[in-house]
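In my numbering, the protein residues as written are 662 to 901.
A virtual CB, placed ideally from N, CA and C, is assigned to each residue, including glycine.
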Ligand code: MN
């Protein structure tokens, strides 16, 4: 049996291919999966649980089916879908996780996080993040009319694209000191995250011991998943 990890699917009503890829992945993996962890940015944008595009019904359905068949699903917020809330959790059966979680997989302690918190060199983003994660800001935002919320999300996406085009690539990646300090704080030598869209396995030395950082890829062109079982972990590209 496998524990599966995915992130950065960026599902979008305008990209049915991505939705199909995700639904097929879940259906195919369900019989051999022990638990599924979605580490954020399942959706390209999420402006509140009260606004679910009809195109996302198969996504909600696939997750609910997974739960019905006895496979627990855990969801961690990303920077695009940080407004996913209790209603979504109830509809899908996913359990919402905090921004850092230590779990045990096949006898190993692993720290999970979306990954944006590790990109501490990107100061403007960290400031924006602090604002939109405030409960008061979120209450305010969710009380706004849907059209206004949609316009805000579109604007944020345009601004983030424009800013990303200007920022040097290393600023958009994790800061190694931050990585080491959060791993030290949580007492782990394994870290698994997404967000940067730079899939890979990084091995380094942390306080004299071997440490590993596993990075999930995005699902824009193809899928990306970590499969973990008693034989260890594998970063792979799911079949289309
Ligand atoms: Mn992200």
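The alpha helix (DSSP H) enclosing residue i, as first and last residue numbers
i	result
residue 821	807-827
residue 870	Premise fails: residue 870 lies in the beta strand (DSSP E), 870-876, not in any alpha helix (DSSP H).
residue 684	677-690
residue 721	718-729
residue 843	837-847
residue 674	From DSSP, residue 674 is part of no alpha helix (DSSP H); its letter is neither H nor E.
Inter-residue Cα distance where the pair is residue i and residue j
i	j	result
residue 646	residue 681	Past the boundaries of the shown model lies residue 646; the chain is included only from 662 to 901, so the question cannot be answered.
residue 707	residue 763	26 Å
residue 735	residue 766	14 Å
residue 740	residue 857	11 Å
residue 787	residue 778	8 Å
residue 894	residue 674	32 Å
residue 904	residue 849	Absent from the structure is residue 904, since the part of the chain shown begins at 662 and ends at 901.
residue 709	residue 679	21 Å
residue 899	residue 684	12 Å
residue 885	residue 725	21 Å
residue 809	residue 873	43 Å
Residue i: first and last residue of the uninterrupted beta strand (DSSP E) it sits in
i	result
residue 703	Per DSSP, residue 703 belongs to no beta strand (DSSP E) and is neither H nor E.
residue 866	861-867
residue 897	893-897
residue 762	762-766
Cross-strand partners of residue i (DSSP beta bridge)
i	result
residue 736	699 and 757
residue 667	699
residue 774	854
residue 887	666 and 896
Whole-angstrom C-beta distance between residue j and residue i, which should lie under 8 Å
i	j	result
residue 781	residue 730	The Cβ separation is near 40 Å, so there is no contact.
residue 877	residue 771	Rounded, the Cβ-Cβ distance is 13 Å, inconsistent with contact.
residue 775	residue 854	6 Å
residue 753	residue 728	7 Å
*Mind the definition here: the region 694-711 touches the region 724-744 only if three or more C-beta pairs lie below 8 Å; say whether that holds.*
yes
_Stretch-stretch touch, CB-based, cutoff 8 Å, three pairs: the region 863-873 with the region 835-845_ = yes
_Would you call the region 748-759 in contact with the region 830-837, where contact means no fewer than 3 C-beta pairs closer than 8 Å?_
no
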